[in-house]
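Residue numbers (this note's numbering), protein chains in the order written: chain A, 1 to 135; chain B, 136 to 270.
Number of protein chains: 2
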Amino acid sequence: MDYISKLKDQGSRITVARRSIIELFENTKKPISATSIHNMLTRIGVNVNMTTVYREIEFLIKMNILEKIPLKDHELHYELKDREHHHHLLCTNCGLIEDITLESEKKLLAEAHQNSNYDISRHSIAFYGKCPKCK
Amino acid sequence: MDYISKLKDQGSRITVARRSIIELFENTKKPISATSIHNMLTRIGVNVNMTTVYREIEFLIKMNILEKIPLKDHELHYELKDREHHHHLLCTNCGLIEDITLESEKKLLAEAHQNSNYDISRHSIAFYGKCPKCK
DNA sequence: TGACATAATGCACTAAATTTGCAATAATAA
DNA sequence: TTATTATTGCAAATTTAGTGCATTATGTCA
């Protein structure tokens with residue numbers, strides 16, 4: 001079932017901002033910062049306050065729809081949480097962000113579970129380097 | 136050779152702030168934020184301005200001694216750069232950060248090189264979950 | 001050792017990202 | 001359509017980070 005129906009079912013209201021932000025993430029499939037969300041919304045004619053953007057992000061994280069993606073930047077980025085498992089490739093030159101899926105991460109995860117006494121629930125992997133255009 | 140000697144050799148001055156910050160990182164071996172650095176310095180009686188902390192971090196990054204570690208926080212963290220290769224384990228409950236070394240990351244890295252057309256220079260892996268105390 | 005050159009620092013600001021309080025607005029149930 | 005209250009906007013406060021400039025202090029060399 002889609003996010004909108006889920007939110008409706010659990011009692012949340014579906015506002016223009018909320019719907020637009022969810023669609024933004026569904027179409028983009030990349031980590032987006034709060035400022036970018038605001039810019040993109042403005043570009044498509046959805047005029048919302050930055051405060052609303054921040055509050056909506058917070059809400060969607062609480063609802064388990066978005067998650068934080070920390071990048072080497074002092075701006076947090078966000079992404080849909082239940083996308084098929086994947087990780088990121090970041091260009092240190094132009095800032096481009098791409099996805100990458102990794103077969104061998106299973107072993108990695110198994111090793112992490114074994115080598116630690118943490119109750120691991122999630123993990124993130126990022127590769128930094130130069131993208132095709134920049135190298 | 137140690138960091139202090141390296142800095143001296145290359146002409147930098149060794150101030151109380153600089154020496155203290157380097158020692159802080161050597162003793163802590165964990166990602167530390169600028170604010171934490173400032174707090175820790177104050178606690179041991181080294182009173183420096185936040186500006187100095189930020190400028191020193193910048194300097195130590197330029198000198199290849201520190202590197203940025205992005206966490207799920209809107210505060211950047213830093214760590215000594217040439218520590219033996221390792222990654223992080225973060226408690227989603229109390230914020231505890233521990234190190235973890237992984238044998239199988241070699242395969243992962245090889246796969247990443249093969250599956251992408253990026254010129255990968257670095258990577259970071261983080262596991263999120265509950266630490267022994269919190270689970 | 002003492003004075004000099006300049007790296008490093010502090011202070012007062014600025015800038016950008018994020019958060020909060022509260023009154024106004026709008027989504028939904030009835 | 002109306003009432004309830006979730007959501008929003010606005011203004012202002014906080015937090016994190018970075019700057020310009022005058023002052024201080026490190027390391028060098030006479």
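By construction, the Cβ of each residue, glycine as well, lies at the ideal position given by its N, Cα and C atoms.
Beta-carbon spacing of residue i, residue j below 8 Å
i, j, result
"B:Ala-152", "B:Glu-191", "yes"
"A:Ile-100", "B:Ser-251", "yes"
"B:Ile-149", "B:Leu-159", "no"
"A:Ile-120", "A:Glu-105", "no"
"B:Lys-268", "A:Tyr-118", "no"
"A:Leu-109", "B:Pro-205", "no"
"A:Tyr-78", "A:Lys-68", "yes"
"B:His-209", "A:Tyr-128", "no"
"B:Leu-215", "B:Ile-196", "no"
"A:His-87", "A:Leu-102", "yes"
"B:Arg-154", "B:Ile-139", "yes"
"B:Lys-165", "B:Arg-218", "no"
"A:Lys-107", "B:Lys-270", "no"
Contact set between residue i and chain B, taken where Cβ atoms lie within less than 7 Å
i, result
"A:Asn-117", "Pro-267"
"A:Ala-126", "His-258 and Ser-259"
"A:Leu-76", "His-209"
Residue span of the alpha helix (DSSP H) that contains residue i, given as start and end
i, result
"A:Ser-36", "34-43"
"A:Leu-7", "3-9"
"A:Leu-24", "16-28"
"B:Ile-204", "Here B:Ile-204 belongs to no alpha helix (DSSP H); instead the beta strand (DSSP E) covers 201-204."
"A:Met-50", "50-62"
Start and end residues, beta strand (DSSP E) containing residue i
i, result
"B:His-283", "Absent from the model: residue 283 of chain B. The displayed extent of chain B is 136 to 270, so no value can be given."
"B:Tyr-213", "212-215"
Residue i: CB within 7 Å of a non-hydrogen atom of the ligand PLP
i, result
"A:Ile-97", "No copy of the ligand PLP appears in this structure; indeed no ligand is present at all."
Within chain B, the residues that residue i reaches when beta carbons sit closer than 8 Å
i, result
"A:Lys-68", "Lys-207"
"A:Leu-80", "None at all; the shortest Cβ gap to chain B is about 16 Å."
"A:Glu-105", "Leu-243"
Interface residues of chain A facing residue i [CB-CB closer than 8 Å]
i, result
"B:Gly-264", "Tyr-118, Asp-119, Ile-120, Ser-121 and Arg-122"
"B:Ala-152", "Those within 8 Å of B:Ala-152 in chain A number zero; the least Cβ separation is about 22 Å."
"B:Leu-237", "Leu-108, Glu-111, Ala-112 and Asn-115"
"B:Leu-224", "Ala-112, Ser-116, Tyr-118 and Ile-120"
9 Å Cβ cut-off: residues of chain B touching residue i
i, result
"A:Lys-135", "Asn-252, Tyr-253 and Asp-254"
Are the segment 221-237 of chain B and the segment 84-100 of chain A touching by the rule of at least three beta carbon pairs closer than 8 Å?
No contact exists between the segment 221-237 of chain B and the segment 84-100 of chain A.
Could you tell me which whole beta strand (DSSP E) segments of length 3 or greater appear in the segment 230-260 of chain B?
Here the runs fully enclosed are 232-235.
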